[in-house]
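K.L.:
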Amino acid sequence: MQVRILDMPWEKINDQECTLCLECVGACPTGALSPKLS
């Protein structure tokens, strides 16, 4: 996928390419991404 999370506002990352697989959370080397369930 080509989701460009660094080009989006931090409040809500939303992209047409995103399938909500959360692979980005595991791939982040600094652990900066975490899912927030509301």
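Residue 6 is where the sequence shown starts when you use our numbering, and the numbers rise one by one after that.
Think of the CB as a built atom: it goes at the ideal place given N, C-alpha and C, for glycine as much as any other residue.
Computed from a predicted structure; not experimentally measured.
#1: From which residue to which residue does the alpha helix (DSSP H) around E28 run?
#2: Excluding the five sequence neighbours on either side, which residues of its own chain have a C-beta within less than 8 Å of the C-beta of P40, listed in chain order?
#3: Is L27 close to chain C? Criterion is C-beta to C-beta, closer than 8 Å.
P.N.:
Let me spell this out:
#1: As a working mapping, residue 28 is identified with position 23 in the sequence shown. That run of the alpha helix (DSSP H) goes E28 to A32.
#2: Taking the first residue of the sequence shown as 1, we reach residue 40 at position 35. The beta carbon of P40 is closer than 8 Å to those of L27 and V30 in its chain, skipping five residues each way along the sequence.
#3: Protein chains in the displayed structure number just one, and chain C is not present.
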